[in-house]
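Residue numbers (this note's numbering): 994 to 1341. Taking it in order: structure first as structure tokens, then the write-up.
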């Protein structure tokens, strides 16, 4: 019964004023609140309570009650990631990029953030020399040289911290990463979020280079060539957090609208590059210009790159990202130049 969850997003979407609605059908607001937060397990709730909530939401019991493990999002403060491919807590993340696309810098920024947030961070060093990893070592609490050493670090850690673990694809090819994850699961250890990278850049040419993933961050050669970092492709990157029931409906709506705009913008941009802006119909000019603004807004200065960019690092809360993106989509930023939206945090 522990794997039963209330579909809180659906409930809030269907019943905006849940407190007064609950009172109207004889439910205690505190009980409903505790069910929504998980303080009261769904399995211990009265049938009458669940039935009343389903009636308020005008949905079936199957729609209201979710079975299986919930997928939580870890907010990274990186606009493009949190909007288009949220980090799934306790899952496996695959980074797909060729050398020069900014993969180590993104990983370094994430681990810088995780260290500040109190996570335990572990890097399993790849074989060979990779100078690009040197900068992130300051933000890694533990550096392991083997799978066994990683296992030992995790099992002997006397801490309640959640763990962020990064490894190269060479350990995927040997199967050792999956063995490690299975052993940790059997030990009943705390959730470990695993980041898999391929420093050689070979994964770009494969369909499923890492096997099953909860989060995929696919890097974009065109964005990297234009120095628009983080060069994460907003159309190909994805996450299990996006599977309807796991994501707030407002987030899902903004994410889908933003993807639709960027997809059309990219189609128009390829035409504009060849034939100029006059080549597209006047009705599409607005779409093109808003797409350019959104693409610019998704660039972001990183803390770990301050010495190279000369710009102070920025971290943006998800709600600010959603607010800003919605403003761009709705035309509230049509008066702003593309340049003024580039390399900023949130819109001031």
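For every residue, glycine included, the Cβ atom is placed at its ideal position computed from N, Cα and C.
Collapsing the DSSP output to three states places residue 1314 in a helix. A direct Cα-Cα distance of roughly 28 Å separates residue 1003 from residue 1256.
DSSP places residue 1158 in no alpha helix (DSSP H) but in the uninterrupted beta strand (DSSP E) bounded by 1156 to 1161. Ranked by how close their Cα comes to the Cα of residue 1028, the residues 999, 1019, 1152 have 999 in first place. The residues 1022, in chain order, have a CB closer than 6 Å to that of residue 1012 in the same chain once the five nearest residues on each side in sequence are set aside. Look at residue 1171 here: in three-state DSSP terms it is helix.
Taking C-beta atoms as the reference points, residue 1188 and residue 1054 fail to come closer than 9 Å. Secondary structure within the segment 1180 to 1220: the beta strand (DSSP E) runs of 3 or more consecutive residues, fully enclosed, are 1185 to 1190, 1208 to 1211 (chain order).
Using a C-beta cut-off of 8 Å, the segment 1073 to 1088 makes contact with the segment 1202 to 1216, since at least three inter-stretch Cβ pairs fall below that distance. With a cutoff of 9 Å on beta-carbon distance, residue 1338 and residue 1307 are scored as near each other. Rounded to whole angstroms, residue 1014 and residue 1245 show a C-alpha spacing of 25 Å.
Taken atom to atom, the span from the alpha-carbon of residue 1301 to that of residue 1042 is near 57 Å. As computed with DSSP, residue 1336 is found in no beta bridge at all. With respect to the C-alpha of residue 1159, the residue from 1185, 1049, 1148, 1149 having the closest C-alpha is 1185.
Assigned with DSSP and collapsed to three states, residue 1143 falls in helix. The beta carbon of residue 1295 is closer than 7 Å to those of 1098, 1102, 1306 in its chain, skipping five residues each way along the sequence. Distance from the CA of residue 1253 to the CA of residue 1231, rounded to the nearest whole angstrom, comes to 14 Å. Under DSSP, no beta-bridge partner is assigned to residue 1013. DSSP places residue 1085 inside the beta strand (DSSP E), whose first and last residues are 1085 to 1089.
Taking C-beta atoms as the reference points, residue 1143 and residue 1173 count as a pair closer than 9 Å.
With a contact defined as Cβ atoms closer than 8 Å, residue 1265 and residue 1275 miss out at about 13 Å. In the structure shown, residue 1082 adopts coil according to DSSP, grouped into three states. When the five nearest sequence neighbours on each side are left out, the beta carbons in the same chain lying within less than 7 Å of the beta carbon of residue 1050 are those of 1003, 1004, 1007, 1008, 1057, in order along the chain.
A straight-line Cα-Cα distance of about 11 Å links residue 1024 and residue 1037.
Here residue 1309 carries a coil assignment [DSSP, helix/strand/coil]. Distance from the CA of residue 1147 to the CA of residue 1095, rounded to the nearest whole angstrom, comes to 28 Å.
Counting only the Cα atoms, residue 1311 lies some 21 Å from residue 1155.
Taking the Cβ atoms as the reference, residue 1281 lies roughly 5 Å from residue 1261, within the contact range of under 8 Å.
The DSSP-derived three-state label of residue 1058 is strand.
The shortest CA-to-CA distance from residue 1091 to any of 1234, 1199, 1340 is the one to 1199.
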